[in-house]
Every structure is written in C-alpha cells, then in structure tokens.
Amino acid sequence: MSKDNNENNKEELNKLAAKMEKVVNKAQKKQVQDQLSGKQSSNASTSSSDGQKQAELRQQLQNMMKNLALMEQSSSSVAKTMGDHRFWNTQPVPQYDEQVNEVGPIEPSVPVEQVSKDPPPLPKEFEWCEVDMTDEAQVKELYQLLTFNYVEDDDAQFRFDYSAAFLKWALQPPKWRKSWHVGVRVASNKKLVAFISGIPADMRTYNVTQPLTEINFLCVHKKLRSKRLAPVLIREITRRTHLEGLFQAVYTSGSVLPKPVATCRYYHRSLNPKKLVECNFSRIPQKWTLARMIKHYKVPDQTTVLGLREMEEKDVPQVRELLNTYLSRFDMAPVFETDDDVKHWILPHQDVVWSYVVENPETKKITDMFSFYSLPSSVIGNPKHSTLNAAYLFYYAVQVPSELKEKQGEEAKFLKKRLSELFKDALVMAKKEGFDVVNALDLMDNALVVDELKFGPGDGYLNYYLYNWKCPEVVRNKVGLVML
Ligand SMILES: CC(C)(COP(=O)(O)OP(=O)(O)OC[C@H]1O[C@@H](n2cnc3c(N)ncnc32)[C@H](O)[C@@H]1OP(=O)(O)O)[C@@H](O)C(=O)NCCC(=O)NCCS
C-alpha cells in the first residue's frame, strides 16, 4: 500500500474515530437521561421513537466500528472485506447484517459420541498440552507467556500483566476442568507458545438461563502470529467443551468479529495522576497544571458509608441472593447458582479480589456490596515506571426498595445516589490498596455515576460475543456480565 493511501486511511480513521466518539457520548448521555426519566432503553423493545433513535445510533456506531476494523486491516496490506472472515464465516455466529429477534441455539447440540475424539492437527513442530494450574511451574509458564504476549493497547504502550495468583483464581472456579486449559508447546523443547481456556458458567440472556463456557486468555506467542493458529485453538477448545456436553460459549474481545451482542466502553478514574501522566496513560488537560490535576482527583482518606466492611465467608448466602436479585435487572448476566460460586468469585482473595459489604447496623442484613479486582499492566519502554496498578470494578449489588421497582425513573435516581456513595468508598479503598487507576466498563448501572465520580471515557471498547447462541443485541446498561 502506498504511503499516501496510508495517510489517507489514517486521516479517515481519525475522522471516523472523532465521529464515533460523538455518537457514543450522545448515545451514552441519552441512555442515562432515559433511565433517570423512567424510559426503558432495552434493545428488545425499539418500538418508541426514542428506542428507534437509540437503535439507529447503535447501528451507526457498529458500522463505524466495522469500518475502523476494515481500515485497520486494509492498512496492514491485507485487503480484507468484512465478509472475508475465513474462520468465523464457518462458525455458528450471527452475520454482521443479521437482525436477531429470538433467543436460543444457532445449531443443535450433537450427541457426545459424534464429537471427534482427536484434536485438530497442528503444524508438525508443535504439540497439544494441558496446562496444569495446580502445578506452580506450569502456572509460571502460563504467566510468562501472557506477560510477554497478551493484550496490548493500540500504541503498544501497555500490556496486561495478570498475576500468577489471578490466573489460578480465574481458571479454577467450582467445576473447573483441566482439559479446558489448552496449551500448544514446541515439540522439540516443550516451550509453551499458545494458550486458550474455558471455564463453566451459567448465564442468562433475556429470559433463558443456559450453562455455557466462558472462553478467555486466548494467546499466541508474538513470533507465531498470523499463521492461523488462533482458529485451531478455538476449534480445539470447542471440541473439548462439546465432549463435556456444552455447546454454547461467551467471550469478549477488543477486536470486531461477527457479531457483537453488546459493545461496552472503558472508563478510567485516575487515583495517581502524576504517575498516569508520566506513563503516558493520561494527559494534563489544556490550561491545567499537574497540581490542579492532583487536587481534582484527590479522594478522601476514609470511607463514609455506614456499615461498610470487608466481605466475610459468613456473608456468602446473603450476598448470593442480593447479587442474583440485582443481576436480574439485566438482559445478559451470570447466575450464581451455588454459594460455592460466590465464595470463589466474590469473597476477598489476597492480591486478586477485594470485596465489601454494607451491613445494616440494626437488622444485621447485608444491603449492598461491591468488589474490584487487580489487573496490572506492564508499562512498555518507560524509563520511570514498569507497572501500572489498575483496579477493575467487578460485581456489585444494591438492594432496591420494593416500592421503587415499578417506577423506573425513581429506581434509577435511587441507584444513581446509592451507587455514587458506594463507588466513592470503592475509590477510597482502591487508593488505600495502592492502585493508580480504577477502570470500569459502562455496563450495569455504571453509566449513571461515571461523570460524577470523575471517570473519563477511554479509547478502548470491549465487544461481547456468544458462540452458537443467538439473542437480540444487548444495550450496554443491560449487560450484567463482567469478564476478566
Ligand atoms: C488474538 C491472537 C491469539 C490471534 O492470533 P493471530 O496470530 O493474530 O491470528 P491467526 O492468524 O492465528 O488467526 C486469525 C483468525 O483468528 C481470529 N481472531 C483473532 N483474534 C481473535 C479473538 N480475540 N477472538 C476470536 N477470534 C480471533 C481472526 O478474526 C481470524 O479469523 P477470521 O479470518 O475468520 O477473521 C493473537 O493476536 C494474540 O495472542 N494477541 C494478543 C492477545 C489477545 O489479543 N488475545 C485475545 C484476547 S480477546
């Protein structure tokens, strides 16, 4: 591709990005206004003119994201149209232009006896393996593969640096399966060069709850990219989930593939502006000084919510009920079927997850909870800093007074007030724990409070995908699933 073309593409990309930003911000503000004034903005019901406007905005956004992906691909000299997903075109996923109106499988499940007993072939220099997450040496191998080769931002300034303790936690929830921790090694020296994982989960889309597999940590070593290894890994994890009688999956990605069921945007709340500026993560706003920025993002030393304390094991049954009730507000959300699920996912886990509950001092009942997890990023090539300590907002729940439940505007106003009190304390706790920034997506009810709590929109988006499962698109404030 000629330089000029590249320049044109870049200019075009910048224009699209600016336009997209406007559309997204407008849609976001509209959504919050609608929620506060009691209008429902579910994708499933776009009969009102507001619903239609929102649907149009979403469509515009999706088209722009497709264009962006297309241009990124064409600027890397592979002239690819969106119809050219050589792999994804063969898989049970909706096409980009497909309008989905019902909920259910795309293709029928097959009897386990008909599932192939053999993994797909790999190029002869590689071999399949299972990574044993109970063996510290193998955990370390996986940690190293991901630390040096996992997700980076577009400018290759930051790369996710999930800790070994985090990986053990993320990959071994109740009913985890070793056979779903799939690796590829170099046959000659056994070096781990690729990985994909699945964990079992129960997820509700609209009114259907379905056991499925959450796919995560797909990674191919940088030296082996663009050799079509990813599709082989995806086929193999699919075969292994089929062998266990599961035929649906959920996964997320920053890249646009056929076809997102939801798209959320990252928001960032600075806690350590000086470091974020030094890392090139944030910029000092025009006409501001660093001192002003530091003052702007200062958080109190103490929490203020009465009855707030760290979650303890005895809280598990109450938290499960509270959380499941709260998550029932959303169109795509996990269902915590057992106390063990909550014990695993929500109870504080040293250096991995922090969770807090609010206990009513009189009744001793848990009325609210929130949690966040630690996911640092390596700062690439920075002379001063090597790690950015980021906390990610995880699950939370608020007890909504029953008299408000019928009145949507009132409910949203209540949630906005309560969540801003709770998240203010979350910021205090995250600061105390040494985090530089708190990240959140605009899913669940987060959009109601991001502005007030000084979260700023980032340039990252996260697309949610379902495998062999169709359902109408889910608007961001109806997404209740947080993936790691
Ligand atoms: C993602 C990654 C494994 C893809 O490997 P690759 O060598 O770049 O791509 P391959 O040549 O092996 O395969 C390309 C195919 O995989 C698909 N693919 C790429 N990334 C994907 C993803 N995250 N999820 C699902 N499919 C993906 C592509 O769309 C393409 O299929 P298509 O032709 O149907 O569109 C690799 O780039 C990587 O490890 N990146 C860093 C970690 C990362 O981003 N992981 C994904 C987190 S969601």
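Going by the numbering used here, the first residue of the sequence shown is number 1031, and it counts up by one from there. We put the CB at the ideal spot given by N, CA and C, even for glycine. As the structure is a prediction and not an experimental result, all values here were calculated from the model.
The three-state reading of DSSP puts GLN1380 in coil, since its state is none of H, G, I, E or B.
For SER1227, the Cβ stays outside the 7 Å cut-off from all heavy atoms of ligand 1. Cα atoms of ASP1361 and VAL1238: separation of roughly 10 Å, rounded to the nearest angstrom.
By the CB criterion at 8 Å, PHE1247 and SER1218 fall outside the cutoff. DSSP places SER1401 inside the beta strand (DSSP E), whose first and last residues are 1396 to 1404.
LEU1496 sits in a strand when the DSSP states are folded into three classes. In this structure, MET1341 sits away from ILE1314, with a CB-CB distance that is not shorter than 8 Å. Judged by DSSP secondary structure, PHE1188 falls within the beta strand (DSSP E) whose first and last residues are 1188 to 1190. Two segments are said to touch when three or more pairs of C-beta atoms, one from each, lie closer than 8 Å; by this definition the segment 1460 to 1480 touches the segment 1423 to 1437. In the DSSP assignment, SER1227 is bridged to HIS1211, ASN1246.
Restricting attention to alpha helix (DSSP H) runs no shorter than 4 residues, the segment 1241 to 1329 encloses them at 1259 to 1273, 1303 to 1308, 1320 to 1326, ordered along the chain. Checking the 7 Å criterion, the Cβ of ARG1270 is out of range of every heavy atom belonging to ligand 1.
Spatial neighbours of LEU1478 in its own chain (CB-CB distance under 7 Å, excluding positions within 5 residues in sequence) are listed in chain order as VAL1062, GLN1065, ALA1442, LEU1445, LYS1446, LEU1449. For TRP1375, the uninterrupted alpha helix (DSSP H) segment begins and ends at 1369 to 1375. Every residue whose beta carbon comes nearer than 5 Å to a heavy atom of ligand 1 appears here in chain order: HIS1115, ARG1116, PHE1117, TRP1118, TYR1180, VAL1181, LEU1248, CYS1249, VAL1250, ARG1255, SER1256, ARG1258, LEU1259, ALA1260, SER1283. The shortest C-alpha to C-alpha distance from THR1319 to any of PRO1330, VAL1307, VAL1329 is the one to VAL1307.
Judged by DSSP secondary structure, ALA1477 falls outside any alpha helix (DSSP H); it is assigned neither H nor E.
Fewer than three beta-carbon pairs drawn from the segment 1337 to 1356 and the segment 1320 to 1327 are found closer than 8 Å, and the two stretches are therefore not classed as touching. Taking C-beta separations shorter than 7 Å and ignoring five residues to either side along the sequence, the partners of HIS1211 in its chain run GLU1160, VAL1161, MET1163, LEU1201, SER1227, following chain order.
Residue range 1346 to 1357 is occupied by the alpha helix (DSSP H) that includes LEU1357. Its chain contains ASP1381, VAL1382 as the residues whose beta carbon lies nearer than 6 Å to that of ALA1195, once the 5 sequence neighbours on both sides are disregarded; these appear in chain order. In terms of Cα proximity to THR1243, the closest of HIS1115, ILE1410, ILE1229 is ILE1229.
Residue pairing of ASP1232 in beta bridges, as defined by DSSP: PRO1241. Excluding residues up to 5 positions away in sequence, PHE1188, ARG1189 lie with their Cβ nearer than 7 Å to the Cβ of GLU1182 in the same chain. With a beta-carbon spacing of about 6 Å, PRO1204 and HIS1374 fall inside the 8 Å limit used to define contacts.
Nearest C-alpha to VAL1140 among THR1177, PHE1277, VAL1123: PHE1277.
Excluding sequence positions up to five before and after VAL1123, its CB lies within less than 8 Å of the CB of ILE1136, LEU1287, PRO1288, LYS1289, TYR1495, LEU1496, TYR1497, ASN1498, all in the same chain and listed in chain order. Under the criterion of beta carbons closer than 8 Å, TYR1491 and THR1293 qualify as touching, at roughly 6 Å. The C-beta distance from PRO1151 to MET1233 rounds to 32 Å, too long to meet the 8 Å contact threshold.
MET1513 and GLY1488 have their alpha carbons spaced roughly 18 Å apart. In the displayed model, ASP1489 falls within a strand according to three-state DSSP. DSSP, reduced to helix, strand and coil, places MET1513 outside both helices and strands of the structure shown, so it counts as coil.
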